[in-house]
Amino acid sequence: KKKTNQALVIFGASGDLTYRKLIPAVFDLYMNDSLPEGYAVLGVSRTPFTNDKFRKKMKEGIRQFARYKDTTNEKLDGFLSKLFYLSIDTDKGEEYGRVKEKLDKLNKKFNLGQNYIFYLSTPPALYSTIPKYLYGHGLTIQQKGFRRLIIEKPFGHDLKSAVELNNQLLEFFDEDQIYRIDHYLGKETVQNLMVTRFANGIYEPLWNRNFIKHVEITAAESLGVEGRGGYYDGAGALRDMIQNHLLQVLSLIAMEPPAKITAEDIRYEKMKVFRSLRPFSKSDLKKNVIRGQYTEATVRGKHYKSYRDELNVDPQSRTETYAAMKIFIDNWRWEGVPFYIRSGKRLPTNVSEVVIHFRPSPQKLFKLEDESTHSDNQLILRIQPDEGILLKTGMKVPGNGYEVKSVNMDFHYSELNNHYIPSAYERLILDCMSGDNMLYMQGEAVEETWKFVQPILDYWENDEDAPLHGYPSGSWGPDVADDLIEGKESTWRYPC
Ligand code: BG6
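Under full-length UniProt numbering, the first residue of the sequence shown is numbered 2, with each subsequent residue one higher.
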């Protein structure tokens, strides 16, 4: 398919995301032959780089983070020759005239058809400023070519600011020009959640309150805040991971089958899930929501400092680095089925996964080989790492008698030969280039997820009795999180 010529304009081009993720992803697209014939990348930031200096820095980023590692210098230089840089003071409206001039030049040189994507990878304070000035210079209006805006998270800091930001953006762009990124949706395994459910006849009949006991969604990270204390201390796990990534995953697990695989139909079904989330009452907030913060610990000889001792973190910070909650979805399919969600930093391992816990068989006919285990069926959808799907099923222990043990039916993506799995950013940037916003978030949905988490934010901020539990670095978070799970024998899954 012939791709439309276009330019990608990255604001915040001297930042970390551009270096680690965006340019390496565009480079991988180039290596896959996915970029159009005529294209250019224009980096815009305050830092005074020359084109050469910018290219040199991006070359380092590519060498370190792109998937194509053993590229010849010739190929790499071919890519770098279409990277340009412009330093402006992004706070000053008049400076955007230079962006326009530069784009006019690139447009002529590479025959870009005046098609531009503006990617905001800047501090959130600039999210409404940049669109305003782009609009002021006529750069958001689609006449000859298309104009699209990609906007990174965090999209708002709470419900009020998210609504405000949506309203401001809509003054300068139409909704269908705005691409709100949630990189989890770009992950191959997250897209596969829908395929697992709706391309197989065997799961969907069981995918409801009659057969599913509860659902767990985990995003665990072993890293701490790693020098991002300045941002993270004002955010916390709820804003950083749950309001966006984990609620998006939840919506794909819980949604009804869409009429068709189109952005409109899928967004419609996801929106219904968000609208069905049961709002937290005062007593739910006390019982069903837990927050924690990592404390210092020595794990296998390595010392980890406490969150409060991290760079740019308030030494008395009450920001959560761990959050867990029990959520209900009030609709016909899910009434009474708890969804347990947790995310934290400095946990024992890196893993993101969804676990579907099926109800046990109605009669226990067989004895378990090991009574300390249980044989309930679980379907584990592993988002990362070691991407794959695992079904835990009971089988007869070979030999005399009828003892049962749980065994794994296990598929790993790594077993797929000859399949290139694109990174989340590759997929999402390519989708935006071709005008497909299916994997991007619509404004209304973002507001709905903020609406859901807002009572938790308020509770934590305003109620002095709202507990903040310390947990030692390298542990699975506060012990009280275990009490969230209903049922005597049930606990979180602790993957290693
Ligand atoms: C980002 C968060 O959105 O997602 C980070 O800001 C987090 O704090 C990251 O580490 C996790 O993404 P991934 O793709 O590594 O699971």
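Glycine included, every Cβ here is placed at the ideal spot set by N, Cα and C. Remember, predicted model here, so these are calculated numbers, not experimental data.
Alpha-carbon to alpha-carbon, residue j and residue i
{"i": "T219", "j": "R64", "result": "31 angstroms"}
{"i": "L253", "j": "K271", "result": "7 angstroms"}
{"i": "F119", "j": "K54", "result": "22 angstroms"}
{"i": "H184", "j": "I430", "result": "10 angstroms"}
{"i": "E265", "j": "M439", "result": "7 angstroms"}
{"i": "E448", "j": "V164", "result": "6 angstroms"}
{"i": "N351", "j": "D411", "result": "19 angstroms"}
{"i": "I342", "j": "V355", "result": "9 angstroms"}
{"i": "R279", "j": "I243", "result": "16 angstroms"}
{"i": "H413", "j": "P423", "result": "16 angstroms"}
{"i": "V274", "j": "K103", "result": "44 angstroms"}
{"i": "D483", "j": "A221", "result": "15 angstroms"}
{"i": "I330", "j": "G337", "result": "8 angstroms"}
{"i": "L239", "j": "F340", "result": "16 angstroms"}
{"i": "V10", "j": "T51", "result": "16 angstroms"}
{"i": "D315", "j": "L160", "result": "24 angstroms"}
{"i": "G293", "j": "G237", "result": "10 angstroms"}
{"i": "F111", "j": "N6", "result": "8 angstroms"}
{"i": "N211", "j": "V196", "result": "22 angstroms"}
{"i": "N168", "j": "T492", "result": "43 angstroms"}
{"i": "A467", "j": "R428", "result": "40 angstroms"}
{"i": "M256", "j": "R181", "result": "20 angstroms"}
{"i": "G13", "j": "V42", "result": "13 angstroms"}
Nearest to residue i (by Cα), restricted to the options the options
{"i": "D29", "options": "G62, F281, S46", "result": "G62"}
{"i": "S474", "options": "G228, T91, E297", "result": "E297"}
{"i": "H158", "options": "I142, K145, A126, I182", "result": "A126"}
{"i": "V216", "options": "F359, A8, G98, R268", "result": "F359"}
{"i": "K93", "options": "N112, Y134, F199", "result": "Y134"}
{"i": "G39", "options": "P349, V314, K58, S82", "result": "S82"}
{"i": "K397", "options": "C433, Y421, D371", "result": "D371"}
{"i": "K101", "options": "G471, G137, K306", "result": "G137"}
{"i": "E479", "options": "T394, F80, Y295, Y128", "result": "Residue identity differs from the one stated: residue 479 is Pro in this sequence, not Glu. Ranking T394, F80, Y295, Y128 by Cα distance to P479 puts Y295 first."}
{"i": "E96", "options": "K22, N112, V45", "result": "V45"}
{"i": "A425", "options": "S15, L224, P349, K22", "result": "K22"}
{"i": "Q192", "options": "I262, E222, D241, F173", "result": "I262"}
{"i": "S223", "options": "N209, S353, F80, P132", "result": "S353"}
{"i": "Q317", "options": "F156, L18, L469", "result": "L469"}
{"i": "T130", "options": "D105, L171, W461", "result": "L171"}
{"i": "residue 1", "options": "R319, P363, G146", "result": "Shown here, the chain extends from 2 to 497; a query on residue 1 therefore has no answer."}
{"i": "G228", "options": "I267, K188, N167, K306", "result": "K306"}
{"i": "Q379", "options": "G471, L207, D71, V226", "result": "L207"}
{"i": "L87", "options": "V405, R56, G114", "result": "R56"}
{"i": "N289", "options": "K327, Y269, W335, F367", "result": "K327"}
{"i": "R68", "options": "N74, L43, V27, E75", "result": "V27"}
Residue burial classification, residue i (beta-carbon count within 10 angstroms, cutoff 16)
{"i": "R301", "result": "exposed"}
{"i": "Y31", "result": "buried"}
{"i": "Q144", "result": "exposed"}
{"i": "W333", "result": "exposed"}
{"i": "A260", "result": "exposed"}
{"i": "S415", "result": "exposed"}
{"i": "I142", "result": "exposed"}
{"i": "N108", "result": "buried"}
{"i": "C433", "result": "buried"}
{"i": "D78", "result": "exposed"}
{"i": "K376", "result": "Note that residue 376 is Ser in the sequence shown here, rather than Lys. Flag for S376 reads buried."}
{"i": "E321", "result": "buried"}
{"i": "E487", "result": "exposed"}
{"i": "L140", "result": "buried"}
{"i": "K346", "result": "buried"}
{"i": "P123", "result": "The sequence given here has Thr at residue 123, not Pro. T123 is buried by the Cβ-count criterion."}
{"i": "S435", "result": "exposed"}
{"i": "Q443", "result": "buried"}
{"i": "N116", "result": "buried"}
{"i": "T48", "result": "exposed"}
{"i": "K58", "result": "buried"}
{"i": "L391", "result": "buried"}
{"i": "T299", "result": "exposed"}
{"i": "P25", "result": "buried"}
beta-carbon residue i near the ligand MN non-hydrogen atom, thresh 7 angstroms
{"i": "E222", "result": "The ligand MN is absent from the structure shown, which contains only the ligand BG6."}
Using 8 angstroms as the threshold, is the stretch 142 to 152 in touch with the stretch 230 to 241, meaning 3 or more CB pairs across them?
Too few Cβ pairs lie closer than 8 angstroms, so no.
With three or more beta-carbon pairs closer than 8 angstroms as the criterion, would you say the stretch 277 to 290 touches the stretch 437 to 456?
yes
Are three or more beta carbon pairs between the stretch 399 to 406 and the stretch 384 to 391 nearer than 8 angstroms?
no
Inspect the CB distances between the stretch 304 to 315 and the stretch 196 to 216 and report whether three or more fall short of 8 angstroms.
Contact fails: fewer than three Cβ-Cβ distances are below 8 angstroms.
Any contact between the stretch 409 to 429 and the stretch 241 to 257? By contact I mean 3 or more CB pairs, one from each, below 8 angstroms.
By the Cβ criterion, the stretch 409 to 429 is not in contact with the stretch 241 to 257, since fewer than three pairs of Cβ atoms, one from each stretch, lie closer than 8 angstroms.
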